[in-house]
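Student:
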Amino acid sequence: MHSKLTSSRCIISGTGLFSPTETINNDELVTAFNSHLINQTPDMADEERNKLLSSSAFIEKASGIQSRHVVNKQGIVDSTVMHPVLVERADDELSLQGEMAVAAAKQALKNAGKQAADIDAVIVACSNLQRAYPAIAIEVQAALGIQGFAYDMNVACSSATFGISNAVNSIVAGQAKAVLVINPEICSGHLDFTDRDCHFIFGDACTALVVEHSETVNKTKPAPSFEIVDCQLVTQFSNNIRNNFGFLNRSEENSNPRDKLFMQNGRQVFKEVCPMAAKHIRSQCEQQDLDPSTLKRLWLHQANLSMNELIAKKVLGKAASREQAPVILDQYANTSSAGSIIAFHLHNEGFEAGEFGLICSFGAGYSIGSVLLKAL
Ligand SMILES: CC(C)(COP(=O)(O)OP(=O)(O)OC[C@H]1O[C@@H](n2cnc3c(N)ncnc32)[C@H](O)[C@@H]1OP(=O)(O)O)[C@@H](O)C(=O)NCCC(=O)NCCS
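Structure follows, in structure tokens:
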């Protein structure tokens, strides 16, 4: 337990990003999908089958996605496999999620000018955890040589923003001075690459942030500092994005393997989440006496380009430029909770002290988390 610091201003002082080296573009993904379909439907007439084929043109038009990073390409693009193929690791080896997390965390520490000894809490916040326990966060804590406490949490696409909020709460409560929030997202593991409606949606990546008390910030660090002015969280139950994978699957009489992977009603999600997210951000700005049109940047969750353009327009009152609402989903696809943080990590330059920006996630639950930032 630490002595309480004199005020409770919390700062994002550094970020990190781990991107798997392998990438799959839309053409490669579509070739695998279509070959698999042809193999599965030998007796179907070409005319019928052609209606079920996937296409790169559709994917780019419907989502804005062109390519994605993945932890294993070979298995996904092999039409006889259609999922990532990973080697099971021994219990005394660092797990895959742990490895991604350590890589992103080291970069965030470097950018924040911090050592492991300066950190006293680790939160691993993501949509899918590769095991139930021990927590990936505790494994990462040990791998980095961090004292204090660590835990895993999952609020689907909003895991990172809810994680930031938890980090702030721990600092304000005096439980920690500096917290690593890490989002190792292996979304290719929960994606059905044989489902035309969603086979193109996700990619893999890991982001990390150092959230710390203003009094401990390293003045000579390379990364810019952003004060966390306000975190607003909201959830509203919906089955429109759902995955029934869980530890009771073995005990339940349900032979349907499809619902143990990601499922969504994309159109409904689009219709319901866009107004919800825009209203959430506008009401947060109102509470902070801030005109939303003055937000210099919106680092939005990266799932669908039209969705982001619509939300940004509703928030800013006019169409947003790419500088105002950066897009990374074209090269990363939807990386769940990591998406808005990748946008923040890659596009946090050019701020004058006192200017505002906002990170906002939205996704399964539904869950929305928005973090209002002021450049220092
Ligand atoms: C998923 C999403 C990209 C689909 O885009 P859409 O414009 O809604 O497309 P639809 O699913 O309505 O499909 C339109 C048509 O294209 C077809 N189609 C679907 N997938 C296709 C593919 N891969 N290739 C070619 N055609 C396809 C559909 O069958 C449909 O045909 P129809 O009009 O003859 O019925 C979009 O709804 C989305 O991104 N929604 C938000 C999802 C989201 O943010 N989820 C959060 C996840 S965490």
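With my numbering, you'll find the sequence shown wraps up at 369, consecutive numbering, no jumps. Here a beta-carbon is modelled for each residue, glycine too, at the ideal position from N, C-alpha and C. All of these numbers come straight from a predicted model, not from anything done at the bench.
1. So what's Leu322 in DSSP terms, helix, strand or just coil?
2. Note down, one range per segment and in chain order, each beta strand (DSSP E) of at least 3 residues found wholly within the region 48 to 87.
3. Provide the residue span of the beta strand (DSSP E) that contains Cys278, from first to last.
4. Could you name the residues of the same chain whose beta carbon sits closer than 7 Å to that of Ser48, not counting the 5 residues immediately before and after it, in chain order?
5. Apart from the five residues just before and just after Met256, which ones in its own chain have a Cβ nearer than 6 Å to its Cβ?
6. Is Arg260 near ligand 1, with its Cβ less than 7 Å from a heavy atom?
7. With 16 other CB atoms within 10 Å as the buried threshold, where does Tyr359 fall?
8. DSSP on Glu345, reduced to helix/strand/coil?
9. Return the residue from the list Thr16, Met300, Gly362 that minimises the CA-CA distance to Gln225.
10. Classify Asn225 as helix, strand or coil using the three-state DSSP reduction.
11. My output table needs one value for Leu372: the three-state DSSP class, helix, strand or coil.
12. So, helix, strand or coil for Cys199, using DSSP?
13. Kindly indicate which three-state DSSP category Thr209 falls into: helix, strand or coil?
14. For the alpha helix (DSSP H) that contains Ile304, what are its first and last residues?
15. In chain order, what residues of the same chain have a beta carbon less than 7 Å from the beta carbon of Ala136, not counting five sequence neighbours either side?
16. Ends of the alpha helix (DSSP H) at Thr24?
17. What is the DSSP secondary structure of Leu351, counted as helix, strand or coil?
Tutor: Let's see:
1. Start at 1 with the first residue of the sequence shown, and residue 322 comes out as number 329. DSSP places Leu322 in helix when its eight states are reduced to three.
2. 60 to 63
3. As a first step, residue 278 must be located in the sequence shown, where it is residue number 285. Segment 259 to 280 is the alpha helix (DSSP H) holding Cys278; no beta strand (DSSP E) there.
4. One-based indexing of the sequence shown puts residue 48 at position 55. Excluding sequence neighbours, Ser48 sits near Val23.
5. As a working note, residue 256 is residue 263 in the sequence shown. Closer than 6 Å at Cβ, skipping near neighbours: Arg235.
6. By 1-based counting over the sequence shown, the position of residue 260 is 267. Within the cutoff, so yes.
7. Mapped onto the sequence shown, residue 359 falls at position 366. Counting Cβ neighbours within 10 Å, Tyr359 comes out buried, since at least 16 surround it.
8. In the sequence shown, counting from the first residue as 1, residue 345 sits at position 352. If DSSP states are grouped into helix, strand and coil, Glu345 belongs with coil.
9. By one-based count along the sequence shown, residue 225 stands at place 232. Minimum Cα distance to Gln225 is reached at Gly362.
10. Counting from one through the sequence shown, the residue named residue 225 turns up at place 232. Residue identity check: residue 225 is Gln in the sequence provided, not Asn. It is a strand residue.
11. Because the chain here runs from -6 to 369, residue 372 falls outside it and cannot be looked at.
12. On the sequence shown, position 206 is the one that residue 199 refers to. Strand.
13. As a first step, residue 209 is located in the sequence shown; it is residue number 216 there, counting from the start. Thr209: helix per DSSP, three-state reduction.
14. In the sequence shown, residue 304 corresponds to position 311, counting from 1. Note, Ile304: alpha helix (DSSP H), 298 to 309.
15. Residue mapping note: residue 136 aligns to position 143 of the sequence shown, counting from 1. Cβ within range, chain order: Leu87, Gly91, Val95.
16. Counted from its first residue, the sequence shown places residue 24 at position 31. Thr24 -> alpha helix (DSSP H) spans 19 to 33.
17. Mapped onto the sequence shown, residue 351 falls at position 358. Strand at Leu351.
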